[in-house]
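Engineer: For the sequence shown, UniProt numbering begins at 1 and goes up steadily by one. First, the structure itself, so that you have it in front of you.
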Amino acid sequence: RQKAASVQPQQSHTPTTHNTVTETSTTSKALPSSFGRLHEDIEVPIKGIQKQMVVSMTKALGIPHFNYMEEINMTATKEFRERLKEEAKEYNIKISYLPIILKSISLGLLHYPGINATLSDDVSTVTHRASHNIGVAMDTPRGLLVPVIKNVQDLNIFEIAQELGRLQQLGLQNKLGESELSGGTITISNIGSIGGTYASPVVLSPQVAICALGRLQTLPRFDKDGNVLAATIMNTSWAADHRIIDGATMARFSNKVKGYLENPISLVTMLK
């Protein structure tokens with residue numbers, strides 16, 4: 001096991017209650033100063049990305065939100081991804097769950113275009129967008145940014161994975177520009193990659209919907225014959241502008257996305 005620099009290596013790698021307590025105590029003494037206790041108040045200016053977030057989130061307070069949460073059995077998608085990973089190696093593409101989820105959402109939007117929409121500032125018109133420009137919230141060195149994968153409706157899963165990887169690299173290098181950060185029509189937050197099962201995401205104006213993805217969990221579930229099986233479960237948390245989207249529409253759209261992910265064969269038949 002790798003330990004903090006101040007901890008001497010143990011002969012045994014088998015964790016015990018005694019060693020765990022000792023390591024916790026020793027490690028706490030060796031924490032970097034950045035984790036240390038503040039000895040006086042510090043005033044931190046709000047600027048840059050954080051200031052933009054203050055503006056956008058303050059504007060979002062004017063949106064009457066409603067939330068819709070769903071559980072999706074990702075077991076079949078897990079198997080589907082494993083098959084895709086083998087083929088993706090030939091093209092040096094890394095396939096996570098996210099490109100599959102993004103494509104499923106895009107296919108769902110074909111049935112419910114009103115969710116892929118933007119609202120005018122004076123709330124006089126709502127525009128159903130032909131392009132599925134899906135923003136993906138990312139934690140970058142500059143803070144939380146939402147680069148946009150453009151025209152997802154025209155991309156296959158491998159192409160989505162490539163573009164996602166490109167945007168992630170730009171984010172890590174602090175090179176995301178206006179062209180990558182603008183034009184979004186709907187947003188996805190993969191908060192589950194950090195932790196958490198449900199969330200209450202905030203709609204980014206002028207968009208009308210956003211989804212937070214919970215972490216994948218292995219949980220017991222019943223099959224159609226009443227047998228208990230280990231299932232891969234993901235929770236989704238949708239938020240929508242209730243002035244534009246009603247609960248029934250969101251439920252039907254969510255069911256469509258859920259159907260693709262629980263039965264990826266149906267997803268494949270519609271891939272472009």
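Every residue, glycine too, gets a C-beta built ideally from N, C-alpha and C.
Threshold first: 3 residues or longer. Then list the beta strand (DSSP E) segments lying entirely within the region 86 to 174, N to C.
Structural biologist: 117 to 119, 126 to 128, 134 to 140 and 143 to 145
Engineer: Just checking my contact of SER189 with ALA212 at CB under 8 Å: how many whole Å lie between their CB atoms?
Structural biologist: About 4 Å separates the two Cβ atoms, so the contact holds.
Engineer: Please tell me whether THR197 and GLY114 are closer than 8 Å, where the distance is taken between their beta carbons.
Structural biologist: Taking C-beta atoms as the reference points, THR197 and GLY114 fail to come closer than 8 Å.
Engineer: Under the rule that 16 or more other beta-carbon atoms within 10 Å means buried, what is ASP41, buried or exposed?
Structural biologist: Looking at its Cβ environment, which holds fewer than 16 other Cβ atoms inside 10 Å, ASP41 is exposed.
Engineer: Assuming SER205 contacts ILE93 under a Cβ cut-off of 8 Å, what Cβ separation, rounded to an integer in Å, is found between them?
Structural biologist: With 8 Å as the limit, SER205 and ILE93 do not qualify as a contact, their Cβ atoms being about 34 Å apart.
Engineer: Does PHE251 come out as helix, strand or coil in the three-state DSSP assignment?
Structural biologist: It should be noted that the sequence gives Ala, not Phe, for residue 251. Annotated three-state conformation of ALA251 is helix, per DSSP.
Engineer: In the DSSP output, what is ILE210 paired with across the bridge?
Structural biologist: THR187 and ALA239
Engineer: Assign SER200 to one of two classes, buried (16 or more other C-beta atoms within 10 Å of its C-beta) or exposed (fewer than that).
Structural biologist: exposed
Engineer: Give the secondary structure of ALA76 by DSSP, where H, G and I count as helix, E and B as strand, and everything else as coil.
Structural biologist: helix
Engineer: Is the distance from the Cβ of ILE244 to the Cβ of VAL126 below 8 Å?
Structural biologist: yes
Engineer: On a Cα-Cα basis, can you pick out the residue from ASP154, SER193, GLY143 and ASN73 that is closest to ILE174?
Structural biologist: Here the sequence assigns Asn to residue 174, which means Ile is not the residue at that position. Answer by Cα proximity: GLY143.
Engineer: Per DSSP, GLN217 forms a beta bridge with which residues?
Structural biologist: ILE233
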